[in-house]
Every structure is written in structure tokens, then in C-alpha cells.
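Engineer: Here's a structure for you.
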Amino acid sequence: MSVELFIEHDLALIRLNRPKALNALSFSILGEMDAALDEIEQAVTNGAVRGLIFTGAGDKSFCAGADITELMGRPILDEHKGAAIGQKVFARIAALPVPSVAVIHGYAFGGGLELALACTFRIATARARMGLPEVKLGLIPGYGGTQRLPRLIGEGRALEIIMSGRTVEAQEAERIGLVNRLVEQGDPVEIGKEFLAPFLKQSLTAMEFARQAITRGMQTSLDEGLRIERDLSTLAYQTADAKEGMQAFVEKRPAIFKDQ
Ligand code: CO8
């Protein structure tokens, strides 16, 4: 299998394991990822998973993008379907009701960066190199990059990065908000675990309402976004977790959330 899934101690880990091709995404890998997401969604429903980490095998690359050899010479309708497959799988990641983090410990190019952009968070190690170099291949990003990158770092920066196809080094990625955190070095899985640890203690329900208010609000007008926030904050207010959180505050004790 080129997509390995591990579920342990509240966390799911997806590791791309095709190091000889720098973990490039073939369509069969996207299919394996889709199947892994079935398992993860089930485990989230059962309460066995509260966070998801993505890493790539080997010390060189998170993921070098779509498999270029596989993209070549395809009929145009197949290519259109291929973009739809990549977008669908990454949209499933973005819609998961648990926080996800991509630990970028080497190259994250093209579809590899688009995968990281679909996650809730991104961490880079000092050796990380990122970019959407599709234009250099005469292509443009097709797995969400033209949409998620500008929403994350702003239109001007996204235009420059996508139209030049240039490589973004780890420090710049942190400065422009492409990654949430830069760590010098370390085991990617441990980095991901450490980053997600504080989120595991929060109410999943409250985090999911917050995430939805932000991501849905980013796609609409300020007035509509404020309406979404009013509705979701009022929904959050009615949860058992809100009752527990406020009660725990006045009793000066840690809250025990049940995601309800
Ligand atoms: N696809 C297939 N094979 C790859 C890929 C890739 N994306 N990237 C690397 N490899 C292979 C290389 O061919 C090489 O194989 P081999 O050993 O058999 O020759 C092996 O991985 C190691 O690569 P390098 O020797 O090139 O390693 P370097 O450290 O010298 O360079 C780089 C690393 C800079 C990452 C370089 O490999 C590179 O530029 N890779 C391509 C990066 C890229 O352009 N990615 C974007 C791909 S397109 C994409 O993701 C579009 C998604 C949406 C498409 C939607 C279409 C409708």
C-alpha cells in the first residue's frame, strides 16, 4: 500500500509511502486515500479519532505532487475527471469534523501542497520547500490550489506564487501564513502529535462550529458571514459542552467535554 493508515490514541495518521517517486500522487494513491478517509470518518463517528496527521515516508519529501508520468497523454475528459477526483478527495479532508495537520518535512509541490492546503493546519520543518509549479509544466493547479491558496495567504501573494511557479522556503512560508508553525527538525509524526495535543482536549463540537463559521464565512459577504456566526454561536451555546465549559470556569476546574 502506498497510503498507510494508523489509528492510535485518539489520532489517525496517514503516511504517503512512495519515497522513490518522492511520494507523488498517482490516481491509485488518491483512491487509497479515499478509502482511508472512509475508515477515518467511521472512527470519528465512533469517537476513536479526534485528529489527523499527514506525513510522507522518507526524509526528502512530503509529496512532490501529482504523478507527472501518469498525467501525460490523457484524453481531455479523463483529465477533467482526474481533477474532479483529486478535488473530491481533498474536499473530504477539508470537511472532516476533526482538526488535521500536514507535517511538511521536505518537498510539498503541486498536488502535495494542495493536499496540505486541504488540511486544517500546516507545519514545516526548516528543510521544507513548497510551491505550486504547475505553470512551469504548462499546467495550472487542479486539486484546489488556485482556490485555497489565495483564501489562506491573500490574492496578491497567491498570484505571484502560482504564476511564477517558484519555490517557497520554510521561513517565508511561516512569514506569509502558508504554514502555521516552523520547527527546526524532528520526527514528523511526533511534531504532528505535539501540535495536535492541545486540540484533543477541546470540544469537537465547539471546534467544528468555529471552523465552519470561519470557512463558510470566508466564502461569502461580511453580512452573510456574521449571520452564519450568529447562528452557529447560538447553536454552540445550546450544547452540553458549552454548559460544562462555563460551569467548569465558575467552579475553577478543567472542563470535561463530551463533544455533545
Ligand atoms: N511525478 C512523478 N515522479 C516524480 C515527481 C512527480 N510529481 N516528482 C519527483 N518524481 C520522481 C523523479 O522523476 C525521480 O524519479 P527517478 O529516480 O525514477 O528519476 C524521483 O522522483 C526523484 O526525483 P528527483 O531526482 O527529481 O529529485 P530532486 O531532489 O532532484 O528534485 C523535485 C526534487 C524538485 C521535487 C523534483 O523532483 C521535481 O521538480 N518534481 C516535480 C514537482 C512538480 O512539478 N509537481 C507538480 C506536479 S503537477 C501537479 O501536482 C498537478 C496537480 C493537479 C493536476 C490536475 C490536472 C487536471
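The numbers in the sequence shown follow the numbering used here, run straight up by one, and end at 354.
Cβ coordinates follow ideal geometry from the N, Cα and C atoms, glycine included.
Are there any heavy atoms of the ligand CO8 lying less than 8 Å away from the beta-carbon of Asp-161, as far as the coordinates show?
Structural biologist: Locating residue 161 in the sequence shown gives position 67, counting from the first residue. Asp-161: yes, Cβ under 8 Å from the ligand CO8.
Engineer: Sorted by chain position, which residues of the same chain lie with C-beta nearer than 7 Å to Leu-171's C-beta, five sequence neighbours on each side aside?
Structural biologist: Mapped onto the sequence shown, residue 171 falls at position 77. Closer than 7 Å at the Cβ level, and outside the excluded window around Leu-171, lies no residue.
Engineer: Give me, in chain order, the residues of the same chain whose beta-carbon lies closer than 8 Å to that of Gly-271; leave out the 5 immediate sequence neighbours on both sides.
Structural biologist: The residue labelled residue 271 in the question sits at position 177 within the sequence shown. The residues are Leu-246, Ile-247.
Engineer: Name the residue from Gly-159, Ala-129, Gly-150 whose alpha carbon lies nearest to the alpha carbon of Ser-120.
Structural biologist: Counting from one through the sequence shown, the residue named residue 120 turns up at place 26. Ranking the options by Cα distance to Ser-120, first place goes to Gly-159.
Engineer: Going straight from the alpha carbon of Ser-194 to that of Tyr-237, what length do you get?
Structural biologist: Sequence index remark: in the sequence shown, residue 194 carries index 100 (1-based). Sequence index remark: in the sequence shown, residue 237 carries index 143 (1-based). Approximately 18 Å, taken between the alpha carbons.
Engineer: Heavy atom of the ligand CO8 less than 8 Å from the Cβ of Ser-155, yes or no?
Structural biologist: Start at 1 with the first residue of the sequence shown, and residue 155 comes out as number 61. True, at least one ligand heavy atom lies under 8 Å from that Cβ.
Engineer: Looking at the unbroken beta strand (DSSP E) that takes in Ile-147, where does it start and where does it end?
Structural biologist: Start at 1 with the first residue of the sequence shown, and residue 147 comes out as number 53. From DSSP, the beta strand (DSSP E) with Ile-147 extends over 145-150.
Engineer: With distances taken between CB atoms, is the gap from Ala-151 to Leu-110 smaller than 9 Å?
Structural biologist: Within the sequence shown, the letter at position 57 stands for residue 151. Within the sequence shown, the letter at position 16 stands for residue 110. Yes; because the gap between Cβ atoms is below 9 Å, this pair is in contact.
Engineer: In this structure, how does DSSP classify Ser-122 when only helix, strand and coil are distinguished?
Structural biologist: In the sequence shown, counting from the first residue as 1, residue 122 sits at position 28. Helix, per DSSP.
Engineer: Using a Cβ-based criterion (distance less than 8 Å to any ligand heavy atom), does Pro-227 qualify as near the ligand CO8?
Structural biologist: Reading the sequence shown from its first residue, position 133 is the one you call residue 227. Yes, the beta carbon of Pro-227 sits closer than 8 Å to at least one heavy atom of the ligand CO8.
Engineer: Classify Thr-309 as helix, strand or coil using the three-state DSSP reduction.
Structural biologist: In the sequence shown, the residue the question calls residue 309 occupies position 215. Residue state, collapsed to three classes: helix.
Engineer: Tell whether a beta-carbon distance below 9 Å holds between Pro-298 and Phe-351.
Structural biologist: Indexing the sequence shown from 1 puts residue 298 at position 204. Indexing the sequence shown from 1 puts residue 351 at position 257. The question names Pro, but residue 298 is Leu in the sequence shown. Contact: yes.
Engineer: Sorry if obvious, but does the Cβ on Lys-182 come closer than 8 Å to a heavy atom of the ligand CO8?
Structural biologist: Taking the first residue of the sequence shown as position 1, residue 182 is located at position 88. Result no, Cβ not under 8 Å from the ligand CO8.
Engineer: At 4 residues or longer, what runs of the alpha helix (DSSP H) sit wholly inside the stretch 222-299?
Structural biologist: As far as the stretch 222-299 is concerned, its whole alpha helix (DSSP H) runs of at least 4 residues are 239-247, 249-258, 264-269, 282-294.
Engineer: Taking the beta strand (DSSP E) that Phe-100 falls in, what are its first and last residues?
Structural biologist: Position 6 of the sequence shown, counted from the first residue, corresponds to residue 100. Taken as a continuous stretch (DSSP letters only), the beta strand (DSSP E) holding Phe-100 covers 97-102.
Engineer: Does the stretch 275-283 come within contact of the stretch 217-224, defined as at least 3 CB pairs closer than 8 Å?
Structural biologist: The answer is yes - the stretch 217-224 touches the stretch 275-283, with three or more Cβ pairs under 8 Å.
Engineer: Within the present structure, is the beta-carbon of Leu-146 separated from the nearest heavy atom of the ligand CO8 by less than 8 Å?
Structural biologist: By one-based count along the sequence shown, residue 146 stands at place 52. Because no heavy atom of the ligand CO8 lies under 8 Å away, the Cβ of Leu-146 does not count as near it: no.
Engineer: Is there at least one non-hydrogen atom of the ligand CO8 closer than 8 Å to the beta-carbon of His-174?
Structural biologist: For the purposes of this step, residue 174 is taken as the residue at position 80 of the sequence shown. Checking the Cβ of His-174 against the ligand CO8 gives yes.
Engineer: Would you check whether the ligand NAP has a heavy atom nearer than 8 Å to the C-beta of Ala-115?
Structural biologist: In terms of ligand content, the structure shown lacks the ligand NAP and carries the ligand CO8 instead.
Engineer: Output the residue ranges of the beta strand (DSSP E) runs that lie fully inside the stretch 149-220 and measure 3 residues or longer, sorted by chain position.
Structural biologist: Fully enclosed beta strand (DSSP E) runs of 3 or longer: 155-157, 194-198, 201-203, 215-219.
Engineer: Thinking C-beta only, is Arg-144 closer than 9 Å to Leu-105?
Structural biologist: Here residue 105 corresponds to residue number 11 of the sequence shown, with the count starting at 1. Here residue 144 corresponds to residue number 50 of the sequence shown, with the count starting at 1. Yes, the Cβ-Cβ distance between Leu-105 and Arg-144 is below 9 Å.
Engineer: Please classify Tyr-201: is it buried, with 16 or more other beta-carbons within 10 angstroms of its beta-carbon, or exposed?
Structural biologist: On the sequence shown, position 107 is the one that residue 201 refers to. Classification for Tyr-201: buried.
Engineer: Give a yes or no on whether the C-beta atoms belonging to Leu-243 and Ile-234 are separated by under 9 Å.
Structural biologist: The count along the sequence shown starts at 1 and reaches residue 243 at position 149. The count along the sequence shown starts at 1 and reaches residue 234 at position 140. No. Outside cutoff.
Engineer: Is the Cβ-Cβ distance between Gly-280 and Ile-147 less than 9 Å?
Structural biologist: What you label residue 280 is simply residue 186 of the sequence shown in a count that begins at 1. What you label residue 147 is simply residue 53 of the sequence shown in a count that begins at 1. Their beta carbons are not under 9 Å apart, which means Gly-280 does not touch Ile-147 by this criterion.
Engineer: Per DSSP, Ala-106 forms a beta bridge with which residues?
Structural biologist: Numbered from its first residue, the sequence shown carries residue 106 at position 12. According to DSSP, which records beta bridges pairwise, Ala-106 is partnered with Ile-101, Leu-146.
Engineer: Just to confirm my understanding: we take Ala-137, look at its own chain, exclude 5 residues before and 5 after, and list those with CB closer than 6 Å. What are they?
Structural biologist: If you number the sequence shown from 1, residue 137 lands on position 43. So the qualifying residues of the chain are Ile-101, Val-143.
Engineer: Looking only at its chain, what residues have a beta carbon closer than 7 Å to the beta carbon of Ala-334, apart from the 5 residues adjacent to it on each side?
Structural biologist: Here residue 334 corresponds to residue number 240 of the sequence shown, with the count starting at 1. If we look at Ala-334 and ignore the five residues flanking it on each side, its Cβ neighbours are Lys-352, Gln-354.
Engineer: Once the 5 residues before and after Arg-223 are set aside, which same chain residues still bring their CB inside 6 Å of it?
Structural biologist: For the purposes of this step, residue 223 is identified with residue 129 of the sequence shown, where counting begins at 1. If we look at Arg-223 and ignore the five residues flanking it on each side, its Cβ neighbours are Tyr-201, Thr-261.
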